[in-house]
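K.L.:
Residue numbers (mature numbering (1 follows the signal peptide of the UniProt record, and there is no 0)): -20 to -1, 1 to 130. Glycine residues also receive a C-beta, built at the ideal position from the N, C-alpha and C atoms. Below: one structure in structure tokens.
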Ligand code: HEC
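Pasting the structure below:
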């Protein structure tokens, strides 16, 4: 009986979080989510940048850990721009995003694929490749912010 109740609870929790948009209680919540994702991206990226600049000593395992995190983190923000009401939640997102959603989303997808390339370079442990992949990855940030962020 107890086990059945727990199973039923579990199923209801899982199905709630799996239904479209319900990860966010309202538009403001979706803004919190995308901003939090960007902050985590920033932290993980900054640590790799510091190692590549020699500001902290280079640690190949740490680069791999950061690049692996980035490969997942970069996939997170985008759904929080397309839930109903996402454009009315405040934050620093420009209205231009929703007038050019295909362009915006393809820039998001490019960030994800550049993060995957960076992770592959980190896994292979080739510093020259990591440097190149990191440069390509980092270019996406400013390019998108210039157009779509206040
Ligand atoms: C496809 C567009 C796009 C790309 C690519 C992008 N960003 Fe952003 N970023 C945004 C938008 C839009 C916002 C504003 C979000 C909001 O306030 O709702 C933002 C906000 C941020 C913020 C502020 C979050 C907060 O707490 O308010 C940080 C930090 C950030 N981005 C870092 C990065 C970094 C680092 C990269 C590159 C690795 C990056 N972004 C790539 C669009 C992008």
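Is residue 27 near ligand 1, with its Cβ less than 7 Å from a heavy atom?
P.N.:
Checking the Cβ of residue 27 against ligand 1 gives no.
K.L.:
When the Cα atoms are used, what is the spatial distance from residue 64 to residue 76?
P.N.:
So the two alpha carbons sit approximately 16 Å from each other.
K.L.:
Return the Cβ separation of residue 72 and residue 46 in integer angstroms, given the expectation that the two are a contact with Cβ distance under 8 Å.
P.N.:
Not a contact, Cβ separation roughly 25 Å.
K.L.:
If residue 83 sits next to residue 117, beta carbons under 8 Å apart, how far is it from one beta carbon to the other, in whole angstroms?
P.N.:
Their Cβ separation, rounded to whole angstroms, is 19 Å, which puts residue 83 and residue 117 out of contact at 8 Å.
K.L.:
Grouping DSSP H, G and I as helix and E and B as strand, with all else coil, what is residue 100?
P.N.:
In the structure shown, residue 100 sits in a helix (DSSP, three-state: H, G or I).
K.L.:
Hey, quick one: how far does the alpha helix (DSSP H) through residue 26 stretch, first residue to last?
P.N.:
Where residue 26 is concerned, the enclosing alpha helix (DSSP H) stretches over 7 to 33.
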